[in-house]
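Shown next, in structure tokens, is the structure this report addresses.
Numbering (mature numbering (1 follows the signal peptide of the UniProt record, and there is no 0)), first residue to last: -27 to -1, 1 to 460.
Pasting the structure below:
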């Protein structure tokens, strides 16, 4: 059993709940309702903002404890976000040297709980190593290091060991990134149903997180055959997906940015995103996404295994776990961390105008329409293509001011200058005509010291707003997304 515990306690995925949780004590147990995760007692939505903390390598304890004291890491997570790194343990946490892997993990879980950080227990791999090779023996049920019977015993044991612990009483995860040549749908249904039932029987309070095939990118087979679970367990079910750019061609991203973005979005929606829509929506947990924060790779590929102390360029923190590796990236996540929709809200749905490249939101002020943090942002109403974008609570709307000029908030909402369309294949460009009938797009450039938005000729689009076959410009300056909110 000791070896089993070593294998099953392999990665801790830390879920930091921002804005929607005031404390751990009033948010458990969690349940699901439609596509939402909710506080089972109050029915209020619980929004999770998440960070992965790797603990599945050879030492089988969470990384970074050789760099900084546990309390300091937990506090940093609670105040900022996410992490990754590994080596010896003696310097900063000498107490950990005499503990078993489970005892060390339990100490980490307790410290996170003290900082009001929730925990997902994630069975990452069976043979401790960096994850995940296509044929590494860890990928699918029955592989060399993946014994289904041992796996089920481990799920039950972990669920029981953490029963009644508020920090983790809200979730437990099946298995990370099922993959390999042996993966198949029949065995997926068989073992996922067994695993979910095992967890729920051992600890009915926890959410059960279910991943798909092909590195957590494919749950599309559920369209034809939904997962069959009992009613009680169904209210605990959360699906999971990953989204990286690995294996994607650089030339398409560089020269056909709008089209390729649309293609990858369709791929994600077909493989997993569809679960949040339709007549029977379910919660979808995007548990892994990320970029090489040096910014050198357009596709953000990575390779890591067999190098001691290797620089983890995907990690939130720097090498010494002192500071954020890339504070700009952290800023881009601020809207993702907020709860923009509440199923119990009495407010109507409006929109936040989000600029993905900067991570900021459009706000109206004395200097005009400008980008600011998304905590204090203007809200808009919009009826779809060819309709005005109105400032909520007023009859005024945005109109084009001319090429290179700021948009204007006007009372004239019937002219062609106020009829906005979501254009390009990516649907991220917001365009309206100027006084001469030429289309202009909302634009913001990071090279401009001002945060004020302007309207400019649409990048990488022809005069009919169709994507050009090849474009060397970066259209992301002009990417805006109207994000629905009822908060």
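Positions of the beta carbon are idealized from the N, C-alpha and C atoms, including for glycine.
Short of 6 Å in beta carbon distance, which residues of its chain neighbour residue i, apart from the five on each side in sequence? Order them along the chain.
| i | result |
| --- | --- |
| residue 352 | 323, 365 |
| residue 363 | 354, 370 |
| residue 386 | 361, 370 |
| residue 185 | 191, 192 |
| residue 168 | 128, 147 |
Can you grab the Cα-Cα spacing for the pair residue i / residue j, in whole Å?
| i | j | result |
| --- | --- | --- |
| residue 2 | residue 178 | 6 Å |
| residue 369 | residue 147 | 51 Å |
| residue 431 | residue 402 | 8 Å |
| residue 329 | residue 396 | 16 Å |
| residue 237 | residue 127 | 36 Å |
| residue 456 | residue 118 | 44 Å |
| residue -24 | residue 227 | In this prediction, residue -24 has a pLDDT of 37, which is less than 50 and means its spatial position is unreliable; what the coordinates show is noted afterwards. Straight-line Cα distance between these residues: approximately 47 Å. |
| residue 444 | residue 250 | 33 Å |
| residue 49 | residue 409 | 54 Å |
| residue 24 | residue 442 | 38 Å |
| residue 484 | residue 380 | The displayed coordinates of the chain run from -27 to 460. Any statement about residue 484 would go beyond what the structure contains. |
| residue 519 | residue 15 | The shown model of the chain, from -27 to 460, leaves out residue 519, and the question about it has no answer. |
| residue 182 | residue 166 | 12 Å |
| residue 20 | residue 137 | 21 Å |
| residue 257 | residue 47 | 26 Å |
| residue 465 | residue 92 | Nothing can be reported for residue 465: it is not among the residues displayed for the chain, which extend from -27 to 460. |
Do the CB positions of residue i and residue j come within less than 8 Å of each other?
| i | j | result |
| --- | --- | --- |
| residue 245 | residue 190 | yes |
| residue 153 | residue 84 | no |
| residue 149 | residue 95 | yes |
| residue 373 | residue 390 | yes |
| residue 308 | residue 332 | yes |
| residue 414 | residue 424 | no |
| residue 428 | residue 376 | yes |
| residue 180 | residue 209 | yes |
| residue 43 | residue 82 | no |
| residue 316 | residue 4 | no |
| residue 206 | residue 173 | yes |
| residue 86 | residue 139 | yes |
Taking the beta carbon of residue i as the centre, do at least 16 other beta carbons fall within 10 Å, making it buried, or is it exposed?
| i | result |
| --- | --- |
| residue 411 | exposed |
| residue 466 | No statement about residue 466 is possible, as the shown extent of the chain runs from -27 to 460 and does not include it. |
| residue 448 | buried |
| residue 450 | buried |
| residue 320 | exposed |
| residue 52 | exposed |
| residue 287 | buried |
| residue 295 | exposed |
| residue 176 | buried |
For residue i, which residues in the same chain have their Cβ closer than 7 Å to its Cβ, ignoring the five residues on either side in sequence?
| i | result |
| --- | --- |
| residue 446 | 432, 433 |
| residue 232 | 398, 440 |
| residue 259 | 214, 216 |
| residue -6 | With a pLDDT of 34 at residue -6, under the threshold of 50, the modelled position of this residue cannot be trusted; read the value that follows with caution. For residue -6, where only same-chain residues beyond five positions count, there are no Cβ hits under 7 Å. |
Can you find the residues in the same chain that come closer than 8 Å, C-beta to C-beta, to residue i, ignoring five residues on each side of it along the sequence?
| i | result |
| --- | --- |
| residue 452 | 328, 329, 330, 399, 401, 402 |
| residue 458 | 313, 314, 322, 323, 324, 325, 352 |
Are three or more beta carbon pairs between the segment 432 to 452 and the segment 286 to 306 nearer than 8 Å?
-> no
Decide yes or no for the touch test of the segment 104 to 116 against the segment 201 to 208: beta carbon pairs closer than 8 Å, at least 3 of them.
-> no
For the segment 76 to 84 against the segment 116 to 126, are there 3 or more C-beta pairs whose distance is under 8 Å?
-> The segment 76 to 84 is not in contact with the segment 116 to 126.
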